[in-house]
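In what follows, a single structure is set out as structure tokens and then discussed.
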Amino acid sequence: MRRMYRVTWVRAFRHVPLRMLMNTSGDPNVSDVKFSFTERMSSTSSSPSSMATPEIEESGVVPFLSSLSSDLDTLQKRWMRCFRVCITSTPRVVIEAKSMDSDVWTPVVTVKTTQLPRGLIKTVEDVLSLPTETENRHVTFIDLRDRPEDIAVAQQILAKRFPGLRLQIDHSKGTDLQGTVTHTVSVSLRDHGFVDGSSSEEEKSVKETFFGEAIGASFASTARRALREAFEAAGIPPPPRHFGRDQGESEMEIYLETIRNATNETIEIMTSLVGDDHVQVIVQSSNGRRLGLLMGRRDDALSIVLACVEKAAECTNRIATEEARKRIADHPVVLALPPKGIRPKEILHRLLFHTFGLTNERIRVLTSQGDGGTFVTTVDAELHWSVTVNTERPVFSTLSRAVGVSKKAAEELACVKAIQRCFPRVFEDQLSFHADVRDIINSAKATDKDSICPHISKGLLAQLRWAAQCHKKEVLIEAVQLLPNSENESLGIRTTRALWATQLFLVDQQGTRDFICLALDPKKSASEQKAIAAAIWKIFREECSEGVRYAIDRGLIDKEGNATSCEGISTSEPLPKNDYELAAESDPFIQNLQIAPSQLISVPHRQSLLSVFRRGVQLYIDLLNERSGGGGVYGTSIGQLLEFTDRNLMDGSFKAQVLVQFSGDGVNITKETLGEAFHPSSAIIALFSAFKGLFEEEGIIAKAAREDKQVESIYRDTCQRAEEIPPLPLEISTSNPLETVAQCIMLKYGLGVELRISGGGKVVQVQFFGQSPAQLGSDHLVTSSQFFLGHGRGNSVLKAVVSCCKNVFYAHVCSKSEALGGARLSALNSGTVQVLFQGKSILASRVEDVMKEILENKAVSSAASIHVKVSIHSVAEGTMYQAHLCVVDGARVVELERTSLVADLLLSLRQLTENIIREMGGPTVDIDAIQRQCTGPLRYGTLQQLLEVFYGFPLLVETSLKDHRWHCRLSVHLFEEFYYALAYSVNLKKKEAVENAAKKALEHCFGAASRVAGSQETSTAKKSTPTVEKIGCAEEDFGFVYKKPDNRCAFWN
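UniProt numbering numbers the first residue of the sequence shown as 1 and each following residue consecutively.
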């Protein structure tokens, strides 16, 4: 008869008497147990009481069992399983094992008793490490199933800290009302039933407080949450996740170990950016000896690093490297995947560690919320393998990018795409067939494209705007209320009740509007929703299929895509009129245009801003003449006002001067310059700026007004007269553009407009010239009686005239020097502005590094200072900027660095930063990574963070409500009273105005989107109608430096 005795190791094993381990039906020979189990146990037994003798402690049984229990404990820690030894009546024992959360014991191996206890660990590990494939190859087994390993780790921690207590887990399984299977897990601490004696005070206290309970769909995750709650309730640090998961050798580490064994030195991997798209990898020893160098595309950085390390290993020890390659090839990766509930992020982390040795801290999965409520996820890998802290700016390689309507969908797809890109063989062989992976790739909730259609919960308008932006267009909605019993000729309908009519247009980058649809409904919101739904079906039904289904289900459109009708209308197809048709019908001057080379657009003459300034200057000169008769600074000479304009033949720019000519008794004639201004393309703008500059803060008259009461009286009178002149419009009228421009030119300059027509056939050119009045008076002289204002082109005279009107209006009336609240800013077209770098920005850090190096080299004294300045140049292409880095040491000024001429001030500062980094040998600034870190739900916040990180500039937001519309200007403070305008926007809503301005600033200053240069319209006119919110000049780029205007006198530009 065969008898079996089980020796099961638990923590309280030492407290159990030996007699409890033996079957009462047999009486083994204790002396045999002491040495070996080779002899067969006797079938005849003595009384059980004979085993409980004190000689057991001295016979060697306890040391044997202690060694056996220690080996069982080691196996449990290593394999996360419970092990026990089953003693039979034969000379063999059976080793059994079970998982931590199971009660089923499974035989592992049968061994001879002579192998105990010394051969126990090796025998069990040899069995558990056997290959699972049919081939005679070892595999790298990565278990990605959701194992309850947290329970095992918690049991170990609690058993070690509280040996008198055990972890009690109560688990129940049920189904909720929706039919979902749920698990309920509660955890607590209990006493061991066989432990004698009282527990310690700490054990009693933790026993009372240690409790946690959770409900969920997965047992492992539910138990994990219950354990976390119990540990927090008892005040015990929670057990670590992924216990011992990343404790192994990666392929990268195998090659590095080969190099270390060959060189007996510490090996370092150094990565750096070369430009924006390439990376350089250097493998070197601790003494600086270079072992390998490789350069390639930044997107393939991980493969480049592994190839460089492998090449360095081959150069140091070719034979050992071949053995390493064979070892890696003989141990392919095998993934143990769960049937459902796959975790792509965990798989990516494990594979990156196995191949490249990247720990979780070096893998960054960033998710930010984009437009329309969508989420953008980027998976980056930090190229850093040293155990020390990376003090330099880290280098990241982007593995994948995905966008989704939810954060989870975007992150899952990004991780799957990263696995597919970095580990194509593993993906095709072991992941591509998995049901969860197929669902993630084929899901409509995420894509690896640049953008994704927002979820229908964000609204139809969000989907339409997204689709339009993909085609580089903007959505324009115009809603107007129609009165009952009225006929609307513009829409071609007759109404019997009050209705809202909504027209929807798509506007391209050139400003051309395409009429899409018209919708009518008694409610304004319903009318807009119908128009949006009809536009989606008509143009973007493939991109926004979910929105089409939603609109049809809600009755917004029919199955043909037409907006549903409503009661109270008798409709006909609306015929919206474009800008040219409106201008031809309404503008009195366009109606009377003649096909002649030249014709005058006559408007009533009235006092202009330029005449007000000219009068103020003349009064100032008259005051000087009165004082000169009494022995002033100019003696007895008489001053006379002169206006002078000159064109630079090199770059085509204009220079205007306001002079005073002093003549005495006919002996000597002297000229003094009162003011001057420059403009790259217009003489009249330069002349206007020269006169206006005399009354600005730094002008001669404005300065004299602070100290002289008579000059102050002239100054105040001029300010008052300028304020009495009606303000210029902010936008050009579509119905009478030529009349509007002629009146504005007269109001600002006091000039009449002469229209000249040239060309013919397919291209007609129209030019506007400003004509001075015939009699200018005898108190001043003018060198030129006419000024070029602008030109326009089109395939007809009408289109050419309208185009010219718009160009002249935007250049002279509504220029980009627009200020808020009616006042206009004066842009600086020349000079130098110092930049005050603040905070811990990239620019400030690099400049400080330069100063430290100069002081260390003792090139300058300790009292020297370093400055960043930007020079402003006016050239034919416009205003250009050039950044300078200078060191001032007493009277000595040394220029260390300068940039090339660029059209944006912030871009010149960025070039200066890059030049400094290149000269100092520092790491390249990763602009894309910084932008992803700063990206937030609001563009204003993103812009604010980017300005602080790059330059340390605070963002200045100025808003003003005028004519029921919000005007917003964004600027940064450069130094003292100097500011740099970033963007300008106008909208019916304040928040939208701020966000639109921030969007323009991001595109212009940080390259978020490329700006397409505007071109003259030469194609045939498309159908369009006037907009409720005309965009006008506020949509121009706002890159210019200005000074805060004097609050005492704010003139129109």
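C-beta: ideal position from N, C-alpha, C; glycine also.
Going by other Cβ atoms of all chains shown within 10 Å of its Cβ, with 16 needed for buried, is Gln591 buried or exposed? exposed
From Ala596 to Ala742, what distance separates their C-alpha atoms? 18 Å
In whole angstroms, what is the alpha-carbon distance linking Glu265 and Arg289? 10 Å
How many angstroms separate the CA atom of Val893 from the CA atom of Thr924? 29 Å
For Ser1015 and Asn807, I'd like the C-alpha separation in whole angstroms. Low local confidence applies: a pLDDT of 32 at Ser1015 is under 50, so the model's placement there is unreliable, with the coordinate-based value given in what follows. Each residue's Cα considered, the two are about 11 Å apart.
Taking 6 Å as the limit between beta carbons, can you name the residues of its chain near residue 1054, skipping five residues before and five after? With the chain covering 1 to 1053 only, the question about residue 1054 has no answer from this structure.
What is the rounded straight-line gap between the Cα of Val85 and the Cα of Val94? 6 Å
Less than 8 Å between the CB atoms is what I'm expecting for residue 1057 and Ala414, so what's the real figure, rounded? The chain is shown from 1 up to 1053; residue 1057 falls before or after that span and cannot be answered.
Touch test, the segment 152 to 172 against the segment 103 to 112, Cβ-Cβ under 8 Å, three pairs minimum: no
To the nearest angstrom, report how far apart Asn442 and Val376 are at their CA atoms. 18 Å
To the nearest angstrom, how far is it from the Cα of Ile732 to the Cα of Arg393? 50 Å
Tell me which same chain residues have a C-beta within less than 7 Å of the C-beta of Lys207, skipping the five on either side of it? Leu165 and Leu189
Identified DSSP bridge partners for His349: None, per the DSSP bridge assignment.
Contacts around Leu291, its chain only, beta-carbon distance under 7 Å, and the 5 residues preceding and following it disregarded: Ile259, Val283, Gln284, Ser285, Ala312, Cys315 and Thr316
Is Glu323 buried or exposed, if buried means 16 or more other CB atoms sit within 10 Å of its CB? exposed
What is the rounded straight-line gap between the Cα of Ala320 and the Cα of Glu125? 27 Å
Kindly indicate the opening and closing residues of the alpha helix (DSSP H) around Arg325. Arg318 to Ala329
Sort Ser172, Lys77 and Lys1043 by Cα distance to Gly216 and report the nearest one. Ser172
Give a yes or no on whether the C-beta atoms belonging to residue 1095 and Ala656 are separated by under 8 Å. Examination of residue 1095 is not possible in this model, given that the chain is present from 1 through 1053 alone.
Taking contact to mean 3 or more Cβ pairs, one atom from each stretch, closer than 8 Å, check whether the segment 505 to 517 and the segment 441 to 456 are in contact. no
Under a Cβ-count criterion, where at least 16 other Cβ atoms within 10 Å of its own Cβ denotes burial, should Gln168 be classed as buried or exposed? exposed
So what does DSSP say about His384, is it helix, strand or coil? coil
Considering only their Cβ atoms, is the gap separating Thr113 from Arg92 smaller than 8 Å? yes
In three-state terms, what does DSSP make of His1004? helix
Measuring straight from C-alpha to C-alpha, what distance separates Lys1043 and Tyr620? 24 Å
Tell me which residues share the same chain as Thr90 and place their Cβ nearer than 6 Å to its Cβ, disregarding the 5 neighbours each side in the sequence. none
Determine the direct distance from the alpha carbon of Pro332 to that of Thr134, and round the result to whole angstroms. Note that Thr134 scores a pLDDT of 35, beneath 50, so its modelled location is shaky and nothing firm can be said.
Rank Ser586, Ala533, Ala583 and Cys544 by C-alpha distance to the C-alpha of Glu560 and give the top, closest one. Ala533
Looking at C-beta atoms only, is the number of pairs between the segment 753 to 772 and the segment 696 to 707 that lie closer than 8 Å three or more? no
How would you call Leu946, buried or exposed, if buried means at least 16 neighbouring beta carbons within 10 angstroms? buried
Taking buried to mean at least 16 other C-beta atoms within 10 Å of its own C-beta, is His471 buried or exposed? exposed
Backbone CA spacing between Cys968 and His278 [nearest angstrom]: 40 Å
Could you give the DSSP three-state label for Arg554: helix, strand or coil? coil
Count the other C-beta atoms from every protein chain shown that fall within 10 angstroms of the C-beta of Thr942, then say buried if there are 16 or more, exposed otherwise. buried
Within a Cβ cutoff of 8 Å, which residues of the same chain sit near Thr447, ignoring the five residues on either side of it in sequence? Ala402, Val403, Gly404 and Leu413
Taking the Cβ atom as the reference point for each residue, do Leu955 and Gln944 lie within a distance shorter than 8 Å? yes
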